[in-house]
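One structure below.
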Amino acid sequence: MTQRSRPYTTVVLAMSADGKIADVSRSSARFGSITDKAHLETQVAARDAVLFGAETLRAYGTTLTVSHPELLKHRKHNGKPPQPIHIVISNSGKFNPDLRFFQQPVERWLVSTATGAKFWRSRPEFKRILVFETPAATVDIRAALQHLTILGIAQLGVLGGGTLVGNLFKLNLVDEIWLTVCPLILGGEDAPTPVGGSGFLAQVAPKLQLMEVRTENQEVFLHYCLQQFPD
Numbered sequence: 000m001t002q003r004s005r006p007y008t009t010v011v012l013a014m015s016a017d018g019k020i021a022d023v024s025r026s027s028a029r030f031g032s033i034t035d036k037a038h039l040e041t042q043v044a045a046r047d048a049v050l051f052g053a054e055t056l057r058a059y060g061t062t063l064t065v066s067h068p069e070l071l072k073h074r075k076h077n078g079k080p081p082q083p084i085h086i087v088i089s090n091s092g093k094f095n096p097d098l099r100f101f102q103q104p105v106e107r108w109l110v111s112t113a114t115g116a117k118f119w120r121s122r123p124e125f126k127r128i129l130v131f132e133t134p135a136a137t138v139d140i141r142a143a144l145q146h147l148t149i150l151g152i153a154q155l156g157v158l159g160g161g162t163l164v165g166n167l168f169k170l171n172l173v174d175e176i177w178l179t180v181c182p183l184i185l186g187g188e189d190a191p192t193p194v195g196g197s198g199f200l201a202q203v204a205p206k207l208q209l210m211e212v213r214t215e216n217q218e219v220f221l222h223y224c225l226q227q228f229p230d
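Counting along the sequence shown from 1, when you hit position 119 you're at 118 in numbering that gives the first Met the number 0, and nothing is skipped either side.
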């Protein structure tokens, strides 16, 4: 079997019934049930690392840590640390070092540009800072993910936001997606959706294969894999 050139990447998001991951104020989306939070924790616990954008970090101020005893036991049994690595990806690197995220008991990495990394290099918040930059001075996401494989990240979870997910789809870097459909309507032209960016024309849109559907507490859990050729 040939070694993958990047981590196996799973997107995990909750959205309203009309396909919004946050309201028009772009505040943190806490409309999922306890069941959805448990589902998210299970997905986080199954990964070597989780990746999220700066907008998501700014909105929540924290990240989800693994706390369920069985999940912690399973990670220990498999020789993994209690928490996956939590990786922030940001072009600018501009977020508040006083966020509670920086006091949580997780190993933190930053993926950024040379400019975005500058402020953090002399500080203790991030154990590892990775700079991968395109000629347009944005993060080279493909190169960054390929380097994560070299650093031992085989299973990567992506927790938002829509701009990051849109870029990953555009670069054909997503293997699976979990969507929780929550029973509320948010509406709003400016409210973010699971996949942001410029979008796709229908004839070249990423195609999905439905793997699993389950319902619990009025929420629908959808599991898709991407119909794509391997790297």
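Glycine included, C-beta positions come from ideal geometry on N, C-alpha and C.
Proximity to residue 54 [Cα-Cα], best of 144, 24, 225: 24
Test item: CB-CB of residue 111 and residue 90 under 8 Å: yes
Identity of the residue in 163, 178, 124, 186 nearest residue 211 by Cα: 178
Cβ-Cβ separation, residue 219 to residue 180 (assumed contact under 8 Å), whole Å: 4 Å
C-beta atoms of residue 98 and residue 52 nearer than 8 Å: no
Within 8 Å, strictly: CB atoms of residue 62 and residue 172: no
Cβ contact (3+ pairs, closer than 8 Å) linking the stretch 113 to 132 and the stretch 21 to 37: no
First through last residue of the alpha helix (DSSP H) which encompasses residue 149: 140 to 149
Sequence-distant residues of the same chain with beta carbon closer than 7 Å to residue 208, five excluded per side: 223, 224, 226
With 16 other Cβ atoms within 10 Å as the buried cut-off, status of residue 88: buried
Alpha carbon of residue 38 to alpha carbon of residue 11, nearest angstrom: 9 Å
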